[in-house]
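Below: the structure, in structure tokens.
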Amino acid sequence: MRLLSRAAVVALVCCAMLVACARSKSRSPEEAFESLKGAYAAADADAVVTLLSASSVEKLRKISALIAGMGEDQQKALAARLDIPVKRLKKLGPVEYMALQFDLGKKLNEDAVREAVSYKIAGVKTQGERAVIRVENGMELVFVREDQVWKFELGDW
2 MRLLSRAAVV ALVCCAMLVA CARSKSRSPE EAFESLKGAY AAADADAVVT LLSASSVEKL
62 RKISALIAGM GEDQQKALAA RLDIPVKRLK KLGPVEYMAL QFDLGKKLNE DAVREAVSYK
122 IAGVKTQGER AVIRVENGME LVFVREDQVW KFELGDW
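Under the numbering used here, the letters of the sequence shown match residues 2 to 158, in that order.
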């Protein structure tokens, strides 16, 4: 029985690793879009960050550092405006920032990326290491290829 339990645990871990690898190793812009869509549907901030381009992750790091570096009064004012605890702002990193974005998007009913990925792909234009996916409502999402993997480029979202 213990052997069966261990085998089940190993199988679950292997499945989880395969899913994680599959969602972060998109071989086409369309696969990257579908992975992003799934991560947004699950409100999985960790997954979204793994699907972001290096420059997008760096952008989130810089924003997080700016917020963390604010004076205490500024942080309190921002936390009050966002209706969140100040300590949440002090611990911001890329994943925490995305989680906060999910929460705010739900609260305000505004999340442009979530809206974009809720539609089907209407067209894809690929030029070298860059692809633009247009969805049915006309919104466009940019993906870039990094180390043979397509990643979402946050741009001005």
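We put the beta carbon where it would ideally sit given N, CA and C, even for glycine.
It should be emphasised that the depicted structure is a prediction, and the values quoted were computed from it without experimental measurement.
Query: Which same chain residues, not among the five before or five after A33, have their C-beta less than 6 Å away from its C-beta?; Result: S27, F144, W151
Query: Smallest Cα separation from A43: which of N138, R131, R115, G156?; Result: R115
Query: What first and last residue would you give for the alpha helix (DSSP H) that runs through G106?; Result: 95-109
Query: Going by DSSP, name the residue or residues bridged to I122.; Result: V136
Query: Classify Q149 as helix, strand or coil using the three-state DSSP reduction.; Result: coil
Query: Quick one: Cα of S29 to Cα of V125, how far?; Result: 10 Å
Query: Could you name the residues of the same chain whose beta carbon sits closer than 6 Å to that of L61, not counting the 5 residues immediately before and after it, in chain order?; Result: P95, Y98
Query: Tell me which residues share the same chain as Q76 and place their Cβ nearer than 6 Å to its Cβ, disregarding the 5 neighbours each side in the sequence.; Result: V87, L90
Query: Give the DSSP bridge partners of R131, in chain order.; Result: Q128, V145
Query: Alpha carbon to alpha carbon, what distance is there between G72 and G156?; Result: 28 Å
Query: Distance check for A78 and T51, CA to CA, integer angstroms please.; Result: 31 Å
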